[in-house]
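Read in the numbering used here, the sequence shown has 69 at position 58, and its numbers run on one by one without any break.
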Amino acid sequence: MTIRYLAEELYRWTRKVEDLEKTLAALEVGFALEERDRLEAELRQAKQQQAHYRAVLTSKKDRTRI
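Written as structure tokens, this is what we have:
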């Protein structure tokens, strides 16, 4: 994978995490519990993907080439 691809994917997942956090914050207290749980699960998965791409990108950038 190229660094550019990794950076684009990291950006995409960062935006998705931000959007899901805003959506969860905007939900009313009495909102359907199932919908809140679904959004929280989707947010957890998005954060995992974001962390994965950040780690891979960091490892690609830090690699010393001889």
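Beta carbons are placed, not taken as given, at the ideal position from N, Cα and C, and that holds for glycine.
Separation of residue j from residue i, as counted between CA atoms
i	j	result
Gln61	Arg23	9 Å
Ala57	Tyr64	11 Å
Ala37	Leu21	24 Å
Lys71	Leu35	33 Å
Nonlocal neighbours in the same chain, by C-beta distance under 6 Å from residue i, ignoring five residues either side
i	result
Asp48	none
Met12	none
Residue i - DSSP class collapsed to helix/strand/coil
i	result
Ala43	coil
Leu50	helix
Leu25	The identity of residue 25 in the sequence shown is Thr, whereas the question assumes Leu. Here Thr25 sits in helix by DSSP.
Leu38	coil
Chain-order list of residues whose beta-carbon lies under 8 Å from that of residue i (same chain, five-residue window excluded)
i	result
Val28	Leu54, Ala57, Lys58, Gln61
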